[in-house]
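Chemist: The listed protein sequences derive, respectively, from chains A and B.
Using the working numbering, read the first sequence as starting at 27 and increasing by one per residue.
Using the working numbering, read the second sequence as starting at 766 and increasing by one per residue.
Backbone N, C-alpha and C fix where the C-beta goes; we use that ideal spot for every residue, glycine too.
So that we are looking at the same thing, I have put the structure below in structure tokens.
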Amino acid sequence: MAQLFRPAANSIATASLLIGASLPVVALFSGSQITRSPANTKVKMPLDQPVPFSHKHHVKELGIDCRYCHSTVEEQANASVPASEVCMSCHSQVWTNSPMLDPVRTSYETDTPLKWNKVNVVPDFVYFDHSIHIAKGISCNNCHGAVQEMHITWKGQAFRMAWCLDCHKDPAKFMLGTDGEQLGAAEAGDDHSHDEGSVNAKTPKEQIFAIYRKIAAGEKLTPQEYRLSRGQSQLVPKDDIHKGYGEMRMEDREIKKEMLSDCYVCHN
Amino acid sequence: MDEVKIDQKGLSDIRMYKGLDHLNESEEMKVFLEDEFPHRKSMPLNMDRRSVLKMMGGAAALAGMTLTGCRYQPQRKIVPFARQPEGASAGAEKHYATMFSLGGYAMGVLARQMDGRPVFLEGNPLHPASQGSIDAKTNASVLGVYDPDRLKYPQFRSDTANWNEAYESIRKELKDSVDGSGVAILSDTVGSPTLARVAGEFMKKYPKAQWFQYEAVNRDNVHRGASLAFQQNASFYYSLDKADVLVNLDCDLLMSGPASVRYSRDFSNRRNPEGNMSRVYSFEAFPTTVGAASDHRVPVKPSEVKGILLALCAQVGVPGAASVSLPASVPKNVFDAMASDLVNAGANGLVTVGDHHDPEVHAAALALNQHLGAFGTTVTVTNPILPMHSDHGTDLANLTAAMANNQVRMLIILNANPVYETPSDIDFAELLTKVPTKVRLGLYHDETSKECDWQLPASHFLETWNDGFAYDGTYTLGQPLLEPLYDSRSAMELMAAFTDVETSGEDLVRKTTANAGVTAADWKIRLSEGVGTSAAPAQNLAVTEGLLSLIRPAAGGNGMELMILPDPYIHDGRFGNNNWLQELPRPLTNIVWDNALFVSRATADKLGIVPPGKQKTFAGTPYYGAADMAKVTVGDRTLEVPVWINLGQADDVCVLHLGYGRDTGGEFAKIHKLGYIGSEVTAGGFNAYELRTSQSPDIISGVSVEKLKNKSYAIATTQHHNTIDVSIVDNGRDLIHEMTLASLAASHGGDHAEGEHGGEHGEGTHGAVLHDTEFGEHGNTKEDMSFYTGEDFKDNPKDNYQWAMTIDLSLCTGCNACTSACQAENNIPTVQKQEVMRGREMHWIRVDRYYKGTGESLDTNNPPIRFQPVACQQCEQAPCEPVCPVAATVHSHEGINQMVYNRCVGTRYCSNNCPYKVRRFNFFHYSQRADQVPVIRMLQNPDVTVRFRGVMEKCTFCIQRIKHARVAAKKDGRMIEDGEVRTACQNACPSQAIIFGDKRDPKNMVSISRANKRNYLLLEELNTRPRTTYLARVSNPNPTLEGK
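Put into structure tokens, the structure is as follows:
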């Protein structure tokens, strides 16, 4: 009688045990990856809109300030999406016959609102205030991604709570300035005295919008500005962030990181 | 501070009790004392523990298998304006001045508008009737706009119609009448000069038409009294801030009437022990908030009020006053002390009389006030304030006579609800059948609409232009906060349509103001301020000489007397469909969703009513609110009502509130059935109008009350809910610290050093109460004793707000305006009657009402009444925080005990561990009505999360308001100023008892208040270190009556 199990059976048994044991892990891992993937979060997935509005064209190519359309971003919690009237302030003069703009003209003429698909959504129990983030120098790109590069708008971040807290618990690493040279200086040493004033040369808000003007003008961005315009954090060793510019800027901008992690900062 | 302590020691054996059940330690009361959420057993779950666990396991498995927790979120839309109106932007909050009117008198309010809809009402600081405060009725009236039961389109009988058809039909009728003969209009009190002007124009066009006014709760007695006293029509109002001595004769001064909010403010200004404290004597049949705040309170029968007043006139020496014997129920020493206080006060004395007393009483009170010299100080007499002065009783009699004689061919009813509200000797529905054309403009499909041909929807006051006069004659403007939600019109728009041209409400009001001399340039300013002109000028009128000799002596009131009063919240029934007001505990009685026949304890004994304390049951289950039913007989009319024992009420008096017992008028206004504990529970009360007669609508004598055997009714009351169990601390120390003004003054001698020293730390007052504990003299400044350290901001004091609140118990009158404001601000749902019966009402701030006394001092006939508002105390060492397994309740760096709703899994451990019982749990999806009825969703405050079932919630110190202020301050690069953040309860409080702010700066209002010697902590022995502190209650009794 031949052997019931061939010598390879041992390996097969071991392998199936291992595979069997790893299945739950694999399942959990892939589950977590699927929920984090753009298929679920819709990050970097352009959404269909009634009008194929291009931020890239308007911001980067034409150089229109964000605040022309999102007019309440400095004053209110809501950045506000412009009324059809605002579109028509230019498009009554340019591209007046473009079929793409037909919905806008119809909306304006019949006084019926356009219905845009919402790209960036926070849950109802989260109370986000645009104005204070802008005032403290958190750039639009930080949350919305490189909007100036988007033809059809997509979501820049998944807006998970962990991501919010990443900055709220340690804002120093996101406290970028427009001046790359100064960051280099901070990297070199801890002496803050020489650059006093230069960090405050522009208000945090002005620093944000200065970058867009540079982008629109086609000027070359410093590496730090480039990172800022992509919504990325500082690329410096952690120690330097805390000793250097991040902490300094937090102090300048009167940001108290302990308070930022109080629950009620976002939840009422 | 030692002295304060000594004073407390003197009172330490005096217990507080919430009612007879508390005093007798009934089973039901024990359940509520020991269990935060009793009546869980009553839930229909007849299973053993094992089965419950099996079911839970099965449910969890099924939930996991089907991924019920995962769902695909629908794509949301952004819908911007096509053309953006000026100033409109999404999510921005705006405030507009407008006005609320009740009984014809205006009160200025500020409406907070978000995304084009009003969500919250606050007082208008520029308006004299409000001064920035608001009462519960006004505050809750914003709910009325979004009431899903409103009339939504015009109807002709049961057919849908439109306004043009209605106008055409009415115009034709008017044209046929040629001069308006046979046309009658019945409105509620006309307070708007614009409506009066439109009425004038209408009458000019149709001179034979007749205009009547009728409202069940009117001021006929006051007006008749004034015309009796002055021999001409006049109005008068009080200045309580000038009253050194106030004698209140059965008058609900602080809760009803056109100036109750202002009166509360003025009253509290003089009840501040650090100021010039007034002395208040109350003689009343039914305990009121002013009575509870009085220094001396005597329960008297309504029929005795006249006798007391006349005796007082004689004692004080008003010319013409005949000496009368004092009613037996008034102690002679109190009376003498009061008379001499009043004489000493002179021009700063004041005697007030309740609206329900007959005109002669009002006239006599005016004579007395004039004799004291109070005219010009505490009493101001003016020409009639209302633009169409009328006597409602006479108007109703004339109208009904005309209807009975078939003289009315068309009756237009504006807002009034006569079929429900007329006294029982008038069958208005029957009379209406004699009128060929009946037109009704009203908010609801109610008793009157049902009987009318044309049922026209009225606009809510927040949808219309309006104007009116405040209690002192200040012209007030009201503007709409949103377009009418439905196809509705206001009374002035409707009547204007029958004059010459149909004009909008705005044009009508503007024309009135233009006539009054407001220029077009001034109009916008007046409108934005909501206040048109200043108060009416005082008239130098004198009371007719020999008036008192004309006044008949008081009739002996033998037997049982019945007093019928407007409900404190739903008034005459008009707010019956307002579930906020229905569920707001009535002051003193704490009853919700119903009315009841209130009697004193002795009267209950006489009637054979079982007092609580013995086990009371409803449908076989122990239930405190089970009330015996009784039959009330007035002449040939009877009404079966539940009887409720109300401590402090006069004997042989029963009191019934109006506004209940309806069969229509909306989901909550009508009697509705709710399932509960084995037997069906109904809510909606009993109709007091059935006992009213035209002759004696308010006070009826010769009433017989008879207990019905084996009939009981479940009343929902919150009085035993959330009772703080004082047995958890050593010796049951009083929750309410109190002292007399004299003992407070005596304690001012020494010990200042400690107070001042402590003030620097803003903690000194705690030091005092803890000074012999192991923590040392400033024990609670020792940071390491606390979970809350505050370390993070040690080096950074600039941005470290430390929020705190003080509640002055000397000033609180127990009106519940705070509870109502909190409910509106924080999206607090109502739970309906059967859930209140289980102790599950959701109010974040409750006003505890206690009676005081034990042993020898126990007097259930006239117990001292105390109020204490209790919200989350924001303990620095919060007992709720360490027990939460999911860290859903944690401390913020600003000292606020945060509640994170989306983390909460509903273990209720926190609530179980809270000694103050201030946490509220959503047992069911209480907010689902807002979920299901889209129009109610419009009311929700978008700044506050709407909580779902299974989530714990509580007071947050109005965290959304703090956040708004902080963002605004940070953007401006400044600190939040003192007074910039005002919590909803603080802002509403008519007596300014609540102060909120940052306690670090000793100059801040809250720090000053905390440094007051009267400051104490609730249950301080537990060392929870609450951020909300209380200021001890101070009374100012007459020294000669001390201890009585």
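Span of the beta strand (DSSP E) holding aspartate 1393 of chain B?
Modeler: 1391-1399 is the extent of the beta strand (DSSP E) around aspartate 1393 of chain B.
Chemist: Out of curiosity, what's the CA-to-CA distance linking asparagine 1013 of chain B and glycine 1114 of chain B?
Modeler: If I take the Cα positions, the gap works out to 11 Å.
Chemist: Quick one: what does DSSP say lysine 1066 of chain B is sitting in, helix, strand or coil?
Modeler: Looking at lysine 1066 of chain B - three-state DSSP - the assignment turns out to be coil, as it is neither helix nor strand.
Chemist: May I have the straight-line CA-CA distance separating leucine 1075 of chain B from proline 1318 of chain B, to the nearest angstrom?
Modeler: Between leucine 1075 of chain B and proline 1318 of chain B, the C-alpha separation is close to 8 Å.
Chemist: Can you list, in chain order, the residues of its chain with a C-beta nearer than 7 Å to that of arginine 1030 of chain B? Leave out the 5 residues immediately preceding and following it.
Modeler: The answer, listed in chain order, is Gln896, Ser898, Pro1755, Ser1756 and Gln1757.
Chemist: Consider the Cβ of glutamine 1663 of chain B: report whether some Cβ of chain A lies at a distance smaller than 8 Å.
Modeler: So, interface residue.
Chemist: Alpha carbon to alpha carbon, what distance is there between proline 1124 of chain B and valine 987 of chain B?
Modeler: The alpha-carbon atoms of valine 987 of chain B and proline 1124 of chain B are separated by roughly 6 Å.
Chemist: Name, going along the chain, the residues of the segment 104-127 of chain A whose beta-carbon falls closer than 8 Å to a beta-carbon of chain B.
Modeler: Cβ contacts with chain B come from Asn104, Ser106, Val107, Pro108, Ala109, Ser110, Glu111 and Val112.
Chemist: Got a sec, what are the start and stop residues for the alpha helix (DSSP H) isoleucine 935 of chain B sits in?
Modeler: It spans 928-942 - the alpha helix (DSSP H) in which isoleucine 935 of chain B sits, taken as one unbroken run.
Chemist: Where isoleucine 1572 of chain B and leucine 1796 of chain B are concerned, what is the direct C-alpha to C-alpha distance, given to the nearest angstrom?
Modeler: Going from the Cα of isoleucine 1572 of chain B to the Cα of leucine 1796 of chain B covers about 6 Å.
Chemist: Using DSSP with H/G/I as helix, E/B as strand and the rest coil, what is proline 230 of chain A?
Modeler: Note: proline 230 of chain A maps to helix in three-state DSSP.
Chemist: Under 8 Å, do valine 1700 of chain B and proline 913 of chain B count as touching if we go by C-beta distance?
Modeler: Cβ distance < 8 Å, so valine 1700 of chain B and proline 913 of chain B count as in contact.
Chemist: To be precise: take each residue of the segment 91-103 of chain A, compare its Cβ to all Cβ atoms of chain B, and keep it if any distance is under 7 Å. Which residues remain?
Modeler: Flagged, chain order: Thr98, Gln102 and Ala103.
Chemist: Taking contact to mean 3 or more Cβ pairs, one atom from each stretch, closer than 8 Å, check whether the segment 1566-1581 of chain B and the segment 1448-1464 of chain B are in contact.
Modeler: The answer is no - the segment 1448-1464 of chain B does not touch the segment 1566-1581 of chain B, with fewer than three Cβ pairs under 8 Å.
Chemist: Taking C-alpha atoms, which residue in B/Asp1401, B/Ser1622 and B/Asp1359 lies nearest to alanine 1392 of chain B?
Modeler: Cα-wise, what sits closest to alanine 1392 of chain B is B/Asp1359.
Chemist: Given methionine 1664 of chain B, which residues of its chain have a CB within under 8 Å of its CB, disregarding the five upstream and five downstream residues?
Modeler: Taken in chain order, the residues that qualify are Ala1653, Thr1654, Met1717, Glu1718, Lys1719 and Thr1721.
Chemist: Compare the C-beta of cysteine 289 of chain A with all C-beta atoms of chain B and state if any pair is closer than 8 Å.
Modeler: Closer than 8 Å: yes.
Chemist: So, do the segment 124-137 of chain A and the segment 74-84 of chain A have three or more beta carbon pairs nearer to each other than 8 Å?
Modeler: Counting Cβ pairs under 8 Å, three or more are found: they touch.
Chemist: Say whether chain A places a C-beta atom closer than 8 Å to the C-beta of phenylalanine 1552 of chain B.
Modeler: The predicted model places phenylalanine 1552 of chain B with a pLDDT of 49, which falls under 50 and marks its position as unreliable, so this point remains unresolved.
Chemist: Can you tell me the Cα-Cα spacing of aspartate 1015 of chain B and alanine 1753 of chain B, whole angstroms?
Modeler: In a straight line, the C-alpha of aspartate 1015 of chain B is about 26 Å away from that of alanine 1753 of chain B.
Chemist: Can you check which of these residues, B/His1608, B/Ala1643 and B/Asn1626, is closest to valine 757 of chain B by C-alpha distance?
Modeler: Examination of residue 757 of chain B is not possible in this model, given that chain B is present from 766 through 1809 alone.
Chemist: So if DSSP puts phenylalanine 1435 of chain B in a beta bridge, which residue, or which two residues, is it bridged to?
Modeler: Sequence inspection shows lysine at residue 1435 of chain B; the phenylalanine mentioned does not correspond to that position. The partner list for lysine 1435 of chain B (beta bridge, DSSP) reads B/Arg1427.
Chemist: Say whether the segment 136-151 of chain A touches the segment 844-855 of chain B, bearing in mind that this needs 3 or more beta-carbon pairs closer than 8 Å, one atom from each stretch.
Modeler: Flag = yes, the segment 136-151 of chain A and the segment 844-855 of chain B touch.
Chemist: Just tell me which of B/Val1081, B/Ser1314, B/Gly956 and B/Glu1049 has its CA closest to the CA of valine 1118 of chain B.
Modeler: For valine 1118 of chain B, the nearest C-alpha among the options comes from B/Glu1049.
Chemist: When DSSP builds the beta bridges, which residues end up paired with arginine 1826 of chain B?
Modeler: Chain B is shown only over 766 to 1809; residue 1826 of chain B falls outside these bounds and no answer can be derived.
Chemist: Between histidine 1690 of chain B and chain A, is there a C-beta pair that is closer than 8 Å?
Modeler: No, no contact with chain A.
Chemist: Just the C-alpha distance for aspartate 1560 of chain B and methionine 821 of chain B, rounded to the nearest angstrom, thanks.
Modeler: Only weak support is given to the placement of aspartate 1560 of chain B: the predicted model assigns it a pLDDT of 42, under 50, and the question is left unresolved by the model.
Chemist: Kindly indicate if chain B contains any beta-carbon less than 8 Å away from that of glutamate 232 of chain A.
Modeler: Taking Cβ atoms only, chain B never reaches closer than 8 Å to glutamate 232 of chain A, which makes this a no.
Chemist: So for phenylalanine 967 of chain B, helix, strand or coil by DSSP?
Modeler: Helix at phenylalanine 967 of chain B.
Chemist: On the three-pair Cβ rule with 8 Å, is the segment 1625-1639 of chain B touching the segment 1667-1684 of chain B?
Modeler: The segment 1625-1639 of chain B, when compared against the segment 1667-1684 of chain B, does touch it at the 8 Å Cβ threshold.
Chemist: Put histidine 787 of chain B into one of helix, strand or coil per three-state DSSP.
Modeler: Histidine 787 of chain B falls in the helix class under three-state DSSP.
Chemist: From this set, B/Asp900, B/Leu1151, B/Ala1129 and B/Trp976, which residue's C-alpha is nearest methionine 1311 of chain B's C-alpha?
Modeler: At residue 1311 of chain B the sequence reads glycine, which differs from the methionine that was named. Checked all of B/Asp900, B/Leu1151, B/Ala1129 and B/Trp976; the closest Cα to glycine 1311 of chain B is B/Ala1129.
Chemist: Rounded to the nearest angstrom, how far is the Cβ of serine 1047 of chain B from that of glycine 1040 of chain B, given a contact under 8 Å?
Modeler: Between glycine 1040 of chain B and serine 1047 of chain B the Cβ distance is about 21 Å, and since that is not below 8 Å, they are no contact.
Chemist: Taking 8 Å as the cut-off, does the segment 1477-1486 of chain B touch the segment 1352-1371 of chain B (at least 3 CB pairs, one atom from each stretch)?
Modeler: Verdict: yes, contact present.
Chemist: Name the two residues that bound the continuous beta strand (DSSP E) containing histidine 1656 of chain B.
Modeler: 1654-1656 is the extent of the beta strand (DSSP E) around histidine 1656 of chain B.
Chemist: Please list the partners that isoleucine 1724 of chain B has in chain A, where partner means a Cβ-to-Cβ separation under 8 Å.
Modeler: By Cβ distance, chain A contributes Tyr290 and Asn294.
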